[in-house]
Amino acid sequence: MQALVSAIREHGIILPGGILKVDGLVNHQLLPDLTREMGLRFAEYFRDLRPSKVLTIEVSGIAPALMTALELNVPMVYARKKKPITMKEPAFTAQSVSRTKGGIVDLFVSSEFLGPDDRVIVIDDFLASGGTLRALANMIALSGAELLGLGCVIEKAFEQGRENLADLGVPIHTLANILELSEEKGVLVEEGR
């Protein structure tokens with residue numbers, strides 16, 4: 001997605017520890033036209049799989065997942081990072097390591113919104129090592145739903161996440177691919193795959 005590649009080149013900031021700060025387009029501020037196009041691209045890619053739900057994680061995955069769900073005309077569900085007292089039991093749980101949060105994050109999805117009749121695609125902001133997407137895939141498996149595919153706005157190809165998730169046997173689609181990221185050389189980015 002060339003518009004996303006251009007936005008990353010223009011606004012992305014490299015932080016220590018291999019973190020790409022894209023707060024101006026994905027994680028804190030959203031560009032509505034760009035976000036709408038993200039949803040359209042994901043919907044075009046996954047439409048033939050006939051998903052019944054889109055799953056993501058709060059907060060940064062919500063916008064692209066919502067735009068995808070809107071294009072597919074299906075509900076969007078997001079994993080919560082804190083279990084509210086109103087969440088119906090049983091709840092599906094998993095843990096994921098977050099670099100930006102600096103530790104382990106607990107994830108919760110109510111059985112009210114994810115179950116054996118669901119055909120699910122996952123949409124999130126980043127694909128790095130694949131740990132967060134694996135946690136979501138595990139929650140889908142616990143629910144009895146079928147995982148159809150994984151979509152991420154930005155992939156850090158050098159962190160091997162795609163390879164780490166290959167055993168899931170589902171298509172993985174990204175919109176931008178970071179080939180190299182360093183404070184010395186900057187960010188080398190191309191359209192996703």
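For the sequence shown, the positions run 1 to 193 when the working numbering is used.
Every residue, glycine too, gets a C-beta built ideally from N, C-alpha and C.
- Under DSSP, the beta-bridge partners assigned to D124 are C152.
- The criterion of a C-beta distance shorter than 8 Å is not satisfied by A65 and V74.
- Within the same chain, Cβ atoms closer than 7 Å to the Cβ of N138 are found at A94, the five residues on either side in sequence being excluded.
- Its chain contains L147, L148, G149, L150 as the residues whose beta carbon lies nearer than 7 Å to that of V170, once the 5 sequence neighbours on both sides are disregarded; these appear in chain order.
- One thing to note: D125 has its Cβ no nearer than 8 Å to the Cβ of A145.
- A direct Cα-Cα distance of roughly 34 Å separates V122 from E184.
- Here V170 carries a coil assignment [DSSP, helix/strand/coil].
- Listed in chain order, the non-local C-beta contacts of I104 below 8 Å within the same chain comprise Q95, S96, V97, S98, local neighbours out to five positions each way being set aside.
- Under the three-state reduction of DSSP output, G115 falls in the coil class, being neither helix nor strand.
- In terms of Cβ geometry, G130 and L165 form a close pair [threshold 8 Å].
- For the pair K81 and M67, the Cα-to-Cα distance works out to about 21 Å.
- DSSP places E191 in the strand class (E or B) of the three-state scheme.
- The C-alpha of P16 is placed about 30 Å away from the C-alpha of F42.
- Note on geometry: alpha-carbon atoms of D106 and M38 lie some 27 Å from one another.
- Residues of the same chain with a CB within less than 7 Å of the CB of F113, apart from the 5 flanking positions on each side, are V77 in chain order.
- In the DSSP assignment, T56 falls within the beta strand (DSSP E) that extends over 53 to 57.
- If you ignore the 5 residues before and after R36, its C-beta comes within less than 6 Å of the C-beta of M67, all in its own chain and listed in chain order.
- Per DSSP, reduced to three states, the secondary structure at R80 is strand.
- Counting along the chain, the unbroken beta strand (DSSP E) around F108 starts and ends at 103 to 110.
- The continuous beta strand (DSSP E) containing S96 extends over residues 91 to 98.
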